[in-house]
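K.L.:
For the protein sequence lines, the chains are A and B, in the order given. All letters in the first sequence, in the order written, are residues 0 to 63 by numbering that gives the first Met the number 0. All letters in the second sequence, in the order written, are residues 0 to 494 by numbering that gives the first Met the number 0. Just so it is clear, CB atoms sit at the ideal spot from N, CA and C, and this is done for glycine as well. Computed from a predicted structure; not experimentally measured.
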Amino acid sequence: MTERERKQKPAPKKRDEVVEELPPQSESGEKIKEELDEILDEIDNVLEENAEDFVRNYVQKGGE
Amino acid sequence: MALPKVCGIETEYGIVLRGADPNPVLASSVLINAYVDDRRVGWDFEDESPGRDARGYAGDDAMAPEVETHLVNAVLTNGARYYVDHAHPELSTPECSDPLQCTLYDKAGERILARSMEAAPRLLEAGQSVVVYKNNSDGKGNSYGTHENYLLDRELPFGELVRHLLPWFVTRQVFTGAGKVGSEHGAEPVEFQLSQRADFFEEEVGLETTLKRPLVNTRDEPHADAQRYRRLHVIVGDANLCEVATFLKVGTTALVLCMIEDGFIDKDYSLRMPVAAVRQVSHDPTLRRTIEMADGSTMTALDLQWEFFRLAEKYADESGFDPVGGDHIGGMVLSRWEEALTALETDPKAMEGRIDWVTKLALLEAFADRNGGWDDPKIALMDLQYHDVRPERSLYERLVRAGRVERLLDDAAVTAAMDHPPETTRAYFRGNCLSRWPEAVVAANWDSVILDTGGDPLQRIPMMEPLRGTKAHVDALFKECTTPAELVAKLVSPQ
Chain A
0 MTERERKQKP
10 APKKRDEVVE
20 ELPPQSESGE
30 KIKEELDEIL
40 DEIDNVLEEN
50 AEDFVRNYVQ
60 KGGE
Chain B
0 MALPKVCGIE
10 TEYGIVLRGA
20 DPNPVLASSV
30 LINAYVDDRR
40 VGWDFEDESP
50 GRDARGYAGD
60 DAMAPEVETH
70 LVNAVLTNGA
80 RYYVDHAHPE
90 LSTPECSDPL
100 QCTLYDKAGE
110 RILARSMEAA
120 PRLLEAGQSV
130 VVYKNNSDGK
140 GNSYGTHENY
150 LLDRELPFGE
160 LVRHLLPWFV
170 TRQVFTGAGK
180 VGSEHGAEPV
190 EFQLSQRADF
200 FEEEVGLETT
210 LKRPLVNTRD
220 EPHADAQRYR
230 RLHVIVGDAN
240 LCEVATFLKV
250 GTTALVLCMI
260 EDGFIDKDYS
270 LRMPVAAVRQ
280 VSHDPTLRRT
290 IEMADGSTMT
300 ALDLQWEFFR
310 LAEKYADESG
320 FDPVGGDHIG
330 GMVLSRWEEA
340 LTALETDPKA
350 MEGRIDWVTK
360 LALLEAFADR
370 NGGWDDPKIA
380 LMDLQYHDVR
390 PERSLYERLV
400 RAGRVERLLD
410 DAAVTAAMDH
420 PPETTRAYFR
430 GNCLSRWPEA
440 VVAANWDSVI
450 LDTGGDPLQR
460 IPMMEPLRGT
470 KAHVDALFKE
480 CTTPAELVAK
490 LVSPQ
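1) Please confirm if the region 360–378 of chain B is in contact with the region 310–323 of chain B, defined as three or more CB-CB distances below 8 Å between the two stretches.
2) Taking C-alpha atoms, which residue in B:T285, B:L270, B:P93, B:E337 lies nearest to H419 of chain B?
3) Let's test the definition: count the other Cβ atoms within 10 Å of the Cβ of D59 of chain B and tell me whether it reaches 16, buried, or not, exposed.
4) Taking E63 of chain A as the reference, give the member of B:Q226, B:Q100, B:G236, B:P120 with the closest Cα.
5) According to the Cβ coordinates, are L83 of chain B and L112 of chain B closer than 8 Å?
6) For L450 of chain B and E422 of chain B, I'd like the C-alpha separation in whole angstroms.
7) Going by other Cβ atoms of all chains shown within 10 Å of its Cβ, with 16 needed for buried, is P166 of chain B buried or exposed?
8) Would you mind telling me which residues of chain A sit closer than 9 Å to T209 of chain B, beta carbon to beta carbon, in chain order?
9) Since T299 of chain B contacts K248 of chain B with CB under 8 Å, what's their CB separation in whole angstroms?
10) Can you tell me whether P437 of chain B is buried or exposed, with buried defined as 16 or more other CB within 10 angstroms of its CB?
11) Please list the terminal residues of the continuous beta strand (DSSP E) segment that includes E364 of chain B.
12) With 8 Å as the threshold, decide whether the Cβ of L366 of chain B is near any Cβ in chain A.
13) For a test of the three-state rule: what should DSSP assign to S318 of chain B, helix, strand or coil?
14) Can you find the residues in the same chain that come closer than 6 Å, C-beta to C-beta, to A311 of chain B, ignoring five residues on each side of it along the sequence?
15) For G205 of chain B, which of helix, strand or coil comes out of DSSP?
16) Please confirm whether K348 of chain B and G28 of chain A have their CB atoms less than 8 Å apart.
17) Note down, in chain order, all residues in the region 215–243 of chain B with a beta-carbon under 9 Å from any beta-carbon belonging to chain A.
18) Return the first residue and the last residue of the beta strand (DSSP E) that I42 of chain A is part of.
19) Assuming Y104 of chain B and V388 of chain B make a contact with CB atoms under 8 Å, what is their CB distance in whole Å?
20) Can you tell me whether DSSP reads Q100 of chain B as helix, strand or coil?
21) Please report whether the beta-carbon of V66 of chain B lies at a distance below 8 Å from any beta-carbon of chain A.
22) Contact criterion: CB-CB distance below 8 Å. Does H87 of chain B meet it with respect to chain A?
23) Take the Cβ of G18 of chain B as the centre, count every other Cβ of all protein chains shown within 10 Å, and call the residue buried at 16 or more, exposed below.
24) Could you tell me which of B:S182, B:R288, B:F157, B:P461 sits nearest to R425 of chain B, measuring between CA atoms?
25) Can you give the Cα-Cα distance for T452 of chain B and G78 of chain B, rounded to whole angstroms?
26) According to DSSP, is A113 of chain B part of a helix, a strand, or is it coil?
27) Out of B:R212, B:A471, B:I264, state which residue places its alpha-carbon closest to the alpha-carbon of S142 of chain B.
28) At the 8 Å Cβ level, is Y314 of chain B part of the contact set with chain A, yes or no?
29) Going by DSSP, name the residue or residues bridged to H232 of chain B.
30) Taking 8 Å as the threshold, find out whether the region 360–372 of chain B comes into contact with the region 28–43 of chain A through three or more Cβ pairs.
31) Could you tell me whether any Cβ in chain A is nearer than 8 Å to the Cβ of N444 of chain B?
32) Identify the continuous beta strand (DSSP E) that holds V440 of chain B and give its terminal residues.
33) Excluding the 5 residues flanking L193 of chain B on each side, which residues of the same chain have their C-beta closer than 6 Å to its C-beta?
34) What are the boundary residues of the beta strand (DSSP E) that P213 of chain B is part of?
35) For the beta strand (DSSP E) holding V83 of chain B, just list the boundary residues, first then last.
36) Helix, strand or coil for N72 of chain B, going by three-state DSSP, please let me know.
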């Protein structure tokens, strides 16, 4: 449970515009996609059969 | 000086009985009975009053939730409560003294549910099984909760708490959200949103938890000395799988509560429309849209989070981290928080394996790219199975095994926490009474244990202080006593 040293952080920029352009697909995003390939290759072994029915039948009573 | 932020998490799990007609109450009972088996000890309801309102009154239209005493209700040797709540199995962690310990017991709770599922077929007919999901919605307008609890000073005016907590709860979703495909409960359509729960909130403040859900819940049931303490019952959180997310959720909220208690937040971050804002933030995975402040200015959720972060940094410099578990844990909260905000601002994907909504979204997007796009029915199934508690069916667990999830906890510690209580709260006393003398513990609840010592009457041992009854307090006592009668005798007249 080691934790690295805390670093000084530059002050964040304030934003005024309502909406900015979406950030371009990040490098880590592309890399993650490639790395997830292995899991996705086997995804059907993990997923329940008949996805549509299974999701439709998942009905819960409200709780709390 | 802020009170120590004793904390805990209650999780209602989604539940399915396979191979039979739907019967969630039966399925939940089977699940818990199978786990607890003959070690079950009943819960004592004497001090339960969930209808009491922290504002000092109950509104005319407020419906106090009912306590269902006839349903299965057990106390575990780790100090947790495991019971049927409405139509769901619910596990409340024992009282924890810091956010990392709370993360540990939350994860141990998942393992208890997984173990329960393995045991359940013993009590079912052939071909039947019970499956549980650690999520908060069925995607069809039905939600079930994950509630956090924090110890607060009774002196703190409730209005002060509400004022600061509303913007806090609206904006912390950026790292607490567990992610959800689509929207429900009348919310405008979206492909994906940060939170499982945001669509369900309709009020700013209130007593209910099942309808007209409020962002700040006023249930006033301290389970401790009511003259001194309040228990803040937080109902806006999601159930998290990522350990970093749970740690951040509890750690940052504990720090913010310390600041509120100490009157440290000198600015007013009130939002113009908090209920609308909670959905707006949840519905914007770009994290770029602004929300309107009460004074007419606008900020993004991340801007507001940075404001809270900078205050917390300053607060810690001046007051230290004692109430949140000391320098190591407190420093870890701040550094993790800063790391999360920095990444979310520049490259959210960098939080894959640490924040649930990011982790889930990365997997779904990768799938959609390779397959039938976002309309593939498997997208919704993956959303559900991310939360499947069976290790072989859980997509979250797949990611863990692939080394894509950052762990904060040691697996051996998680396993130990399934049976052993925290050593630093009164849960230690409760858990040890149960493991030592299971036959003698007639009932237990958060603030008392009732023992049958062989004579009349039953002995009720009050535990009104959450931080008394720790290992340091009672270990010597336990070592001296071989029977519950001896324990009671020593407690009544020490020496």
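P.N.:
In terms of the structure at hand:
1) no
2) Your numbering for residue 419 of chain B matches position 420 in the second sequence. When only C-alpha atoms are compared, the closest one is B:P93.
3) As a position in the second sequence, residue 59 of chain B is number 60, starting the count at 1. Summary for D59 of chain B: the model assigns pLDDT 44, below 50, so the residue's position carries little reliability; its value from the coordinates is reported in the next sentence. It is exposed - the Cβ of D59 of chain B has fewer than 16 other Cβ atoms within 10 Å.
4) Taking the first residue of the first sequence as 1, we reach residue 63 of chain A at position 64. The candidate whose alpha carbon is nearest that of E63 of chain A is B:G236.
5) Here residue 83 of chain B refers to the residue found at position 84 of the second sequence. Here residue 112 of chain B refers to the residue found at position 113 of the second sequence. For the record, residue 83 of chain B in the displayed sequence is Val; it is not Leu. No, Cβ-Cβ distance for V83 of chain B and L112 of chain B is not below 8 Å.
6) Here residue 450 of chain B is taken as the residue at index 451 of the second sequence, counted from 1. Here residue 422 of chain B is taken as the residue at index 423 of the second sequence, counted from 1. One C-alpha to the other measures close to 21 Å.
7) Position 167 of the second sequence, counting from 1, holds the residue named residue 166 of chain B. P166 of chain B should be labelled buried.
8) Within the second sequence, numbered from 1, the residue matching residue 209 of chain B stands at position 210. Result: G61, G62, E63.
9) Stepping through the second sequence from its first residue, residue 299 of chain B is reached at position 300. Stepping through the second sequence from its first residue, residue 248 of chain B is reached at position 249. With a Cβ gap of about 20 Å, T299 of chain B and K248 of chain B do not count as contacting.
10) As a first step, residue 437 of chain B must be located in the second sequence, where it is residue number 438. So P437 of chain B ends up on the exposed side.
11) Taking the second sequence and counting its residues from 1, one reaches residue 364 of chain B at position 365. Looking at the DSSP string, E364 of chain B is not in any beta strand (DSSP E); the run it does join, the alpha helix (DSSP H), is 355–369.
12) If you number the second sequence from 1, residue 366 of chain B lands on position 367. For the record, residue 366 of chain B in the displayed sequence is Phe; it is not Leu. So, interface residue.
13) Counting from 1 along the second sequence, the entry for residue 318 of chain B is found at position 319. The answer is helix: DSSP assigns S318 of chain B an H, G or I state.
14) As a first step, residue 311 of chain B is located in the second sequence; it is residue number 312 there, counting from the start. L254.
15) Along the second sequence, one-based indexing puts residue 205 of chain B at 206. The answer is strand: DSSP assigns G205 of chain B an E or B state.
16) Counting from 1 along the second sequence, the entry for residue 348 of chain B is found at position 349. Counting from 1 along the first sequence, the entry for residue 28 of chain A is found at position 29. It is a contact, given that the beta carbons lie within the stated cut-off.
17) I234
18) The sequence position of residue 42 of chain A within the first sequence is 43, counting from 1. Taken as a continuous stretch (DSSP letters only), I42 of chain A belongs to no beta strand (DSSP E), being part of the alpha helix (DSSP H) at 42–45.
19) The count along the second sequence starts at 1 and reaches residue 104 of chain B at position 105. The count along the second sequence starts at 1 and reaches residue 388 of chain B at position 389. About 16 Å separates the two Cβ atoms, so there is no contact after all.
20) In the second sequence, the residue the question calls residue 100 of chain B occupies position 101. Three-state DSSP puts Q100 of chain B in a helix.
21) Against the second sequence, residue 66 of chain B aligns to sequence position 67. Its pLDDT being 42, under 50, V66 of chain B is placed unreliably in this model, and the value from its coordinates should be taken loosely. For V66 of chain B, the answer is no, since every Cβ of chain A falls outside 8 Å of its Cβ.
22) The residue labelled residue 87 of chain B in the question sits at position 88 within the second sequence. Closer than 8 Å to some Cβ of chain A, the Cβ of H87 of chain B qualifies, so yes.
23) Within the second sequence, the letter at position 19 stands for residue 18 of chain B. Counting Cβ neighbours within 10 Å, G18 of chain B comes out exposed, since fewer than 16 surround it.
24) By one-based count along the second sequence, residue 425 of chain B stands at place 426. The shortest Cα separation from R425 of chain B among B:S182, B:R288, B:F157, B:P461 belongs to B:P461.
25) Position 453 of the second sequence, counted from the first residue, corresponds to residue 452 of chain B. Position 79 of the second sequence, counted from the first residue, corresponds to residue 78 of chain B. Approximately 21 Å, taken between the alpha carbons.
26) Within the second sequence, numbered from 1, the residue matching residue 113 of chain B stands at position 114. In the structure shown, A113 of chain B sits in a helix (DSSP, three-state: H, G or I).
27) Sequence index remark: in the second sequence, residue 142 of chain B carries index 143 (1-based). Comparing Cα positions, the closest option is B:R212.
28) Along the second sequence, one-based indexing puts residue 314 of chain B at 315. Judged by the 8 Å Cβ criterion, Y314 of chain B is not in contact with chain A.
29) Start at 1 with the first residue of the second sequence, and residue 232 of chain B comes out as number 233. In the DSSP output, where bridge partners are listed per residue, H232 of chain B has B:N148.
30) yes
31) Your numbering for residue 444 of chain B matches position 445 in the second sequence. Not closer than 8 Å to any Cβ of chain A, the Cβ of N444 of chain B fails to qualify, so no.
32) Here residue 440 of chain B is taken as the residue at index 441 of the second sequence, counted from 1. It spans 440–444 - the beta strand (DSSP E) in which V440 of chain B sits, taken as one unbroken run.
33) Against the second sequence, residue 193 of chain B aligns to sequence position 194. Excluding sequence neighbours, L193 of chain B sits near Q172, G176, S281, W356.
34) Position 214 of the second sequence holds residue 213 of chain B. Start and end: 212–216.
35) Counted from its first residue, the second sequence places residue 83 of chain B at position 84. 80–84 is the span of the beta strand (DSSP E), which, as asked, contains V83 of chain B.
36) Taking the first residue of the second sequence as 1, we reach residue 72 of chain B at position 73. Of the three classes helix, strand and coil, the one that applies to N72 of chain B here is strand, per DSSP.
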